[in-house]
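Visitor: Here the sequence shown is numbered in numbering that gives the first Met the number 0, starting from 0 and rising by one per residue. For each residue, glycine too, the CB sits at the ideal point set by N, CA and C.
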Amino acid sequence: MRRPNRGHLGWRALASALFLLLALAAQATESPGRAAIASAHPAATVAGQETLALGGNAFDAAVAISAALAVVEPYSSGLGGGGFFLLREASESPTYRFLDARERAPLAAHADLYRRDGEVQPALSLNGPLAAAIPGLPAALVELAQRFGRLPLRDSLAPAIRLARDGVGIDRVYRERAAWRLAALRDDPESARIFLADGEIPVELSLLRQPELARTLERLARDGRDGFYAGETAERLVAGVRAAGGIWSLEDLREYRTVERQPLRVKLAEGRELISAPPPSAGGLALGQSLLMLQDLPWRQAEPEQRVHYVVEALRRAYRDRGLLGDPDFVANPTHQLLADDYLDRLSASIDPQRATPSASLPPAGGWHEGNHTTHFSVLDAEGNAVAATLSINLPFGAAFTVPGTGVLLNDEMDDFAADVGGANAYGLAGSQANAIAAGKRPLSSMSPTFIESPQAFASFGTPGGSRIPSMVLLAILEYLDGQPIARWPSVPRYHHQFLPDLIEHEPDAFSPAQMAALEARGHQLKSVNRKYGNQQVLLWDKPGARVEAASDPRGIGTAVVLAE
């Protein structure tokens with residue numbers, strides 16, 4: 000199958016396309032002139048606004064938003080977790096960077112860490128300090144401020160310190176997530192003291208105060224990297240973890256570094272480019288593969304159930320390939336081969352327009368499981384600098400273990416490794432040798448902070464949601480490509496296919512009865528997840544129109560703002 004957008008264009012077509020791009024570039028404004036923020040919590044959005052008002056840029060605002068989310072959303076992110084930061088540095092020819100602040104396995108970790116008497120014990124990678132990898136978020140905040148920001152770190156961290164010290168109101172999302180992890184929170188005295196009220200879920204609008212976390216943030220603000228990865232904080236972290244049965248060492252903290260990686264970049268039709276997360280994220284690759292396959296299919300003209308069929312079949316094939324990926328510092332990732340024209344031609348040609356392809360008929364490529372409860376924000380400043388960041392501590396409230404004297408709630412990201420490469424996890428996903436536990440290794444992730452840029456527009460996408468992240472971002476991108484208003488991008492009804500299990504998971508109101516019947520007639524199996532999921536945060540800069548817009552997912556409690564010039 001020929002891909003006219005990726006080659007085989009005649010010189011006249013190329014000349015016309017070049018003329019169009021130059022004309023659009025001439026019309027477009029060099030900078031948006033206005034800033035915008037979309038985050039998962041109102042207090043974090045305000046923290047970003049405060050930082051921009053002080054003269055900070057998008058990177059300073061990203062520090063403020065990340066730190067604020069670490070305080071107000073302990074169920075989604077925190078200083079004890081990590082994340083991915085996709086950066087756009089404004090210039091005539093923008094520079095894109097990707098900061099990998101994913102957690103690392105402790106140096107004492109090994110492939111059989113969670114095996115007891117020959118059997119993997121899943122609970123050991125979910126609860127308590129043995130489940131925790133070495134945090135990356137504090138290092139990312141320092142690096143963003145020092146390399147890219149304009150303000151001192153103490154100024155960008157000031158809103159988070161205030162929120163931790165003075166308190167933030169308990170909301171419905173907090174209460175819901177605490178209910179999911181109530182037993183684990185009760186099991187840890189320090190977590191129960193901070194995040195519960197006499198062993199129960201706090202009442203709505205009561206205050207969550209975290210004075211120990213405020214002091215930890217103050218040391219980070221004063222001493223930079225050494226305020227977390229050395230000195231008093233580091234010593235307390237290691238002592239607390241080891242006293243409770245964990246395996247951290249001072250060397251683990253001393254050696255942790257963020258890694259700057261080349262963003263995944265994929266040329267799309269109509270002069271657009273996808274800029275997204277590379278491994279150790281598998282999300283960017285899934286997005287690139289899915290979008291390129293869909294460009295060969297008439298998805299835009301299709302009836303609703305036919306469009307769903309095309310999207311599901313593209314996702315089925317893209318998710319199949321994720322088991323080939325792992326930490327690029329440990330394994331060779333076949334990214335270029337998986338995005339090659341001839342390979343994607345074969346994949347799109349294998350899609351039957353009328354029938355579902357049983358996953359069992361496709362050779363498996365492995366997979367993984369990860370928690371669903373991360374967070375995301377997008378920020379754009381008036382000059383055109385931008386950050387899309389997805390942050391996580393994995394399950395709600397992470398490992399449900401808070402290190403005494405620090406206020407730091409630890410992640411349980413070790414569960415994102417394939418603890419049993421010869422079997423399958425609780426979700427039926429096959430283990431992957433590329434994602435096996437190893438000392439100092441980063442676990443695979445689906446987190447997919449994403450930009451799409453062209454001479455006409457810049458758009459930013461991202462959401463929490465574990466293995467469903469790429470499908471959610473894809474659905475939002477398709478709304479953008481279809482010319483839908485920005486409010487529609489994060490609110491579109493969601494459905495998901497991840498190769499195995501071989502079924503379409505969907506929100507309760509995603510399909511009408513007639514659409515469900517049409518999909519089942521094509522051979523698809525459907526399963527409602529019984530609740531809405533995800534919390535997408537998006538931005539749009541219309542360059543010729545000099546218009547900036549932002550939108551926050553109506554499923555959450557976040558806010559989106561566009562600031563006055």
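1. Would you kindly report the start and end of the unbroken alpha helix (DSSP H) that includes E548?
2. With which residues is I274 paired in a DSSP beta bridge?
3. Counting along the chain, where does the beta strand (DSSP E) carrying H375 start and finish?
4. Pull the bridge partners of K440 from the DSSP assignment, please.
5. Once DSSP output is grouped into helix, strand and coil, what is the label at F97?
6. So what's L466 in DSSP terms, helix, strand or just coil?
7. Tell me whether R487 sits in a helix, a strand or coil according to DSSP, three-state version.
8. Put Y74 into one of helix, strand or coil per three-state DSSP.
9. Between the alpha carbons of P352 and A438, how many angstroms are there, rounded?
10. Within 10 angstroms of its Cβ, does N529 collect 16 or more other Cβ (buried), or is it exposed?
11. Kindly indicate if chain B contains any beta-carbon less than 8 Å away from that of K542.
12. Could you check whether G55 and G148 sit closer than 8 Å to each other, using their CB atoms as the reference points?
13. Could you give the uninterrupted runs of the alpha helix (DSSP H) lying entirely in the region 91 to 175, keeping only those of 4 residues or more?
14. For S569, is the classification buried or exposed, using 16 other Cβ atoms within 10 angstroms of its Cβ as the cut-off for buried?
15. Mind checking which residues open and close the beta strand (DSSP E) that includes V386?
16. Look up Y494 in the DSSP assignment and give the residues it is bridged to.
17. Which residue comes first and which comes last in the beta strand (DSSP E) that contains G82?
18. On the criterion of 16 or more Cβ atoms from any shown chain inside 10 Å, does D341 qualify as buried, or is it exposed?
19. Quickly, what does DSSP pair Q209 with across the bridge? List them, please.
20. Which of the three DSSP states is assigned to A281 in this structure?
21. Indicate whether N384 and E199 have their beta-carbon atoms separated by less than 8 Å.
22. Across the region 91 to 98 and the region 243 to 262, are there enough close Cβ pairs to call them in contact, namely three or more that are closer than 8 Å?
23. When you compare the region 201 to 221 with the region 151 to 170, are there three or more beta-carbon pairs, one atom per stretch, that lie closer than 8 Å?
24. Where does D481 sit, in a helix, a strand or coil, going by DSSP?
25. Do you know offhand how far L525's Cα is from P507's?
26. Rounded to whole angstroms, what is the Cα-Cα separation between S360 and D501?
27. For T558, which beta-bridge partners are listed by DSSP?
28. Keeping to the same chain, check which residues put their C-beta closer than 6 Å to that of L51; ignore five residues upstream and five downstream.
29. Could you give the distance in angstroms between the alpha-carbon of I274 and the alpha-carbon of T449?
30. Output needed for G220: all residues of its chain with C-beta closer than 6 Å, excluding positions within five of it in sequence on either side, in chain order.
31. Excluding the 5 residues preceding and the 5 following A16 in the sequence, name in chain order all residues of the same chain whose CB lies nearer than 6 Å to its CB.
32. Per DSSP, which residues does D541 bridge with? Please list them.
33. With DSSP as the reference, please indicate the residues paired to Q536 in a beta bridge.
34. Could you please give the first and the last residue of the uninterrupted beta strand (DSSP E) stretch that includes L525?
35. Would a C-beta distance cut-off of 8 Å place A63 and E49 closer than the cut-off?
36. Sort P303, A317, R306 by Cα distance to L566 and report the nearest one.
Guide: By the coordinates alone:
1. Reading the sequence shown from its first residue, position 549 is the one you call residue 548. Where E548 is concerned, there is no enclosing alpha helix (DSSP H), although the beta strand (DSSP E) it sits in stretches over 546 to 551.
2. To locate residue 274, count along the sequence shown from 1; it is residue 275. BP columns for I274 point to R264, F450.
3. Here residue 375 is taken as the residue at index 376 of the sequence shown, counted from 1. Its beta strand (DSSP E) spans residues 374 to 379.
4. Along the sequence shown, read from residue 1 onward, the residue named residue 440 stands at position 441. Looking at the DSSP assignment, K440 forms no beta bridge with any residue, so it has no partner.
5. Position 98 of the sequence shown, counting from 1, holds the residue named residue 97. Reduced to three states, the DSSP call for F97 is strand.
6. Numbered from its first residue, the sequence shown carries residue 466 at position 467. Per the sequence shown, residue 466 should be read as Ser rather than Leu. Helix.
7. The sequence position of residue 487 within the sequence shown is 488, counting from 1. Helix.
8. Stepping through the sequence shown from its first residue, residue 74 is reached at position 75. Looking at Y74 - three-state DSSP - the assignment turns out to be coil, as it is neither helix nor strand.
9. Numbered from 1 along the sequence shown, position 353 holds the residue referred to as residue 352. Numbered from 1 along the sequence shown, position 439 holds the residue referred to as residue 438. Cα to Cα, the separation comes out at about 46 Å.
10. On the sequence shown, residue 529 is found 530 positions in, with the first residue counted as 1. Exposed, because fewer than 16 other Cβ atoms sit within 10 Å of the Cβ of N529.
11. Annotation note: the requested chain B is absent from the structure, which comprises a single protein chain.
12. In the sequence shown, the residue the question calls residue 148 occupies position 149. In the sequence shown, the residue the question calls residue 55 occupies position 56. Yes; because the gap between Cβ atoms is below 8 Å, this pair is in contact.
13. 136 to 142, 152 to 165
14. Past the edges of the chain, shown from 0 to 564, lies residue 569, and the structure says nothing about it.
15. In the sequence shown, counting from the first residue as 1, residue 386 sits at position 387. Residues 385 to 391.
16. As a first step, residue 494 must be located in the sequence shown, where it is residue number 495. Answer is H505.
17. For this step, residue 82 is matched to residue 83 along the sequence shown. That run of the beta strand (DSSP E) goes 81 to 88.
18. Mapped onto the sequence shown, residue 341 falls at position 342. Looking at its Cβ environment, which holds fewer than 16 other Cβ atoms inside 10 Å, D341 is exposed.
19. On the sequence shown, residue 209 is found 210 positions in, with the first residue counted as 1. Answer is none; Q209 lacks a bridge partner.
20. Reading the sequence shown from its first residue, position 282 is the one you call residue 281. A281: coil per DSSP, three-state reduction.
21. Here residue 384 refers to the residue found at position 385 when the sequence shown is read from its first residue. Here residue 199 refers to the residue found at position 200 when the sequence shown is read from its first residue. Cβ distance not < 8 Å, so N384 and E199 don't count as in contact.
22. yes
23. yes
24. What you label residue 481 is simply residue 482 of the sequence shown in a count that begins at 1. Reduced to three states, the DSSP call for D481 is coil.
25. Position 526 of the sequence shown, counted from the first residue, corresponds to residue 525. Position 508 of the sequence shown, counted from the first residue, corresponds to residue 507. Their backbone Cα atoms lie some 11 Å apart in a straight line.
26. On the sequence shown, position 361 is the one that residue 360 refers to. On the sequence shown, position 502 is the one that residue 501 refers to. Taking the straight line joining both Cα atoms gives about 11 Å.
27. For the purposes of this step, residue 558 is identified with residue 559 of the sequence shown, where counting begins at 1. According to DSSP, which records beta bridges pairwise, T558 is partnered with S38.
28. If you number the sequence shown from 1, residue 51 lands on position 52. A34, A60.
29. By 1-based counting over the sequence shown, the position of residue 274 is 275. By 1-based counting over the sequence shown, the position of residue 449 is 450. So the alpha carbons of these two residues sit roughly 6 Å apart.
30. Counted from its first residue, the sequence shown places residue 220 at position 221. According to the sequence displayed, residue 220 carries Ala and not Gly. Counting only Cβ-Cβ distances below 6 Å, and skipping sequence neighbours, we find L152, R153, L156.
31. Along the sequence shown, read from residue 1 onward, the residue named residue 16 stands at position 17. With a pLDDT of 48 at A16, under the threshold of 50, the predicted position of this residue should be treated as unreliable, though the coordinate-derived value follows. Cβ within range, chain order: n/a, list empty.
32. Locating residue 541 in the sequence shown gives position 542, where the first residue counts as 1. For D541, which the question treats as bridged, DSSP gives the partners A456, R546.
33. Within the sequence shown, numbered from 1, the residue matching residue 536 stands at position 537. Paired residues: S551.
34. On the sequence shown, position 526 is the one that residue 525 refers to. 525 to 527 is the extent of the beta strand (DSSP E) around L525.
35. Here the question's residue 63 lines up with position 64 in the sequence shown. Here the question's residue 49 lines up with position 50 in the sequence shown. Result yes, Cβ atoms of A63 and E49 sit closer than 8 Å.
36. Examination of residue 566 is not possible in this model, given that the chain is present from 0 through 564 alone.
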